[in-house]
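Trainee: Numbering (my numbering), first residue to last: 1248 to 1562. The structure under discussion is supplied below as structure tokens; questions concerning it will follow.
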Ligand SMILES: [Mn+2]
């Protein structure tokens, strides 16, 4: 299914005003309706390696899996599973690379993955990279950070206002590639035509308040390219202390296409119940095909024998 007619996408990334290199990585694919953003961590450029592995592996594997998946199976539950599985695979690859090479030791990355499909978006995340949704001029943070700060807010240790002044904004409690196992948080949300989605690294959200992000989106009419560049500029104007990366996805006014021809799919799923393999089906077919001529031959032989018997009797 090609969604590129239904979406407008822009990706923007910048090292910021302080850092010499950019450890954020992004991938976006309009045809698949997929965006992946990763914010790497680890010394000696290892963060770049970790985030690079995540954005290279996950879209490639999701593309393969979607191509092999019947259109009627493209539902939220399937997408949730797909994102969790692929995040787990990327986790293993990063983790193993970090175990093998001393210079990669301790590397990891945040992750936010969004996959749009028939009027839904499935969102997976690990760490403090975020997804926001702009709907009817209202900006809402969809993902909830896996960070020390968020835990402190949740437990009532500090207020949301005090959190804005906190120094530990970048301490994440979950990351991809740090442990042998990873717990990806995945949810499915309904979409509405006209929605705009923003994926961002903490280089935006730690530098620019939500109200200011909303104001920038409003000022640019949430046009993806323009809004993306304006958000990067806003982060840099506020100090640009970290790499800053944004992906903007606008759902154009038409609804996303429904999966095609479910009848065909139902027929397929009935023809191949889980416990019957293709070999089984073929063997049964071949058996039926060869049995009938043998039976016919037997009848002919019996008829001939009966005729011979009758002929010998009447003579
Ligand atoms: Mn960052």
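Glycine included, each C-beta is placed from N, C-alpha and C at the ideal position.
1. Please report the residue range of the beta strand (DSSP E) in which residue 1425 lies.
2. Could you check whether the Cβ of residue 1286 sits closer than 7 Å to any heavy atom belonging to ligand 1?
3. Should the stretch 1320–1334 be called in touch with the stretch 1425–1441, which here means at least 3 C-beta pairs below 8 Å?
4. Which residues mark the beginning and the end of the alpha helix (DSSP H) in which residue 1464 is found?
5. Output needed for residue 1536: all residues of its chain with C-beta closer than 8 Å, excluding positions within five of it in sequence on either side, in chain order.
6. Report yes or no: do the stretch 1421–1430 and the stretch 1349–1357 share at least 3 C-beta pairs separated by less than 8 Å?
7. Does at least one heavy atom of ligand 1 sit under 7 Å from the Cβ of residue 1277?
8. Sorry if obvious, but does the Cβ on residue 1394 come closer than 7 Å to a heavy atom of ligand 2?
9. So is the beta-carbon of residue 1384 under 7 Å away from any non-hydrogen atom of ligand 1?
10. My guess is that residue 1304 and residue 1336 are in contact by the Cβ rule of under 8 Å, so how many angstroms apart are they, rounded?
11. Using C-beta distances below 6 Å, list every residue in its chain close to residue 1517, excluding the 5 sequence neighbours before and after it, in chain order.
12. So, with DSSP's three-state summary, where would you put residue 1488?
13. Note down, one range per segment and in chain order, each alpha helix (DSSP H) of at least 4 residues found wholly within the stretch 1397–1426.
Mentor: Judging by the given coordinates:
1. Residue 1425 sits at position 178 when you count from the first residue of the chain shown. Note, residue 1425: premise wrong, no beta strand (DSSP E); not H, not E.
2. To locate residue 1286, count along the chain shown from 1; it is residue 39. Within the cutoff, so yes.
3. yes
4. What you label residue 1464 is simply residue 217 of the chain shown in a count that begins at 1. Note, residue 1464: alpha helix (DSSP H), 1457–1466.
5. What you label residue 1536 is simply residue 289 of the chain shown in a count that begins at 1. In this predicted model, residue 1536 has a pLDDT of only 38, less than 50, meaning its place in the structure is not dependable enough to derive any value.
6. yes
7. The residue labelled residue 1277 in the question sits at position 30 within the chain shown. No - ligand 1 has no heavy atom lying nearer than 7 Å to the Cβ of residue 1277.
8. Ligand 2 is absent from the structure shown, which contains only ligand 1.
9. Translated into positions along the chain shown, residue 1384 becomes position 137. Incorrect: residue 1384 has no Cβ contact closer than 7 Å to ligand 1.
10. Mapped onto the chain shown, residue 1304 falls at position 57. Mapped onto the chain shown, residue 1336 falls at position 89. That belief holds up - the Cβ atoms of residue 1304 and residue 1336 are roughly 7 Å apart, short of 8 Å.
11. Against the chain shown, residue 1517 aligns to sequence position 270. Any reading at residue 1517 is ruled out, since the residue's pLDDT is 37, under 50, leaving its predicted position unreliable.
12. Numbered from its first residue, the chain shown carries residue 1488 at position 241. In the structure shown, residue 1488 sits in coil (DSSP, three-state: anything other than H, G, I, E or B).
13. 1407–1410
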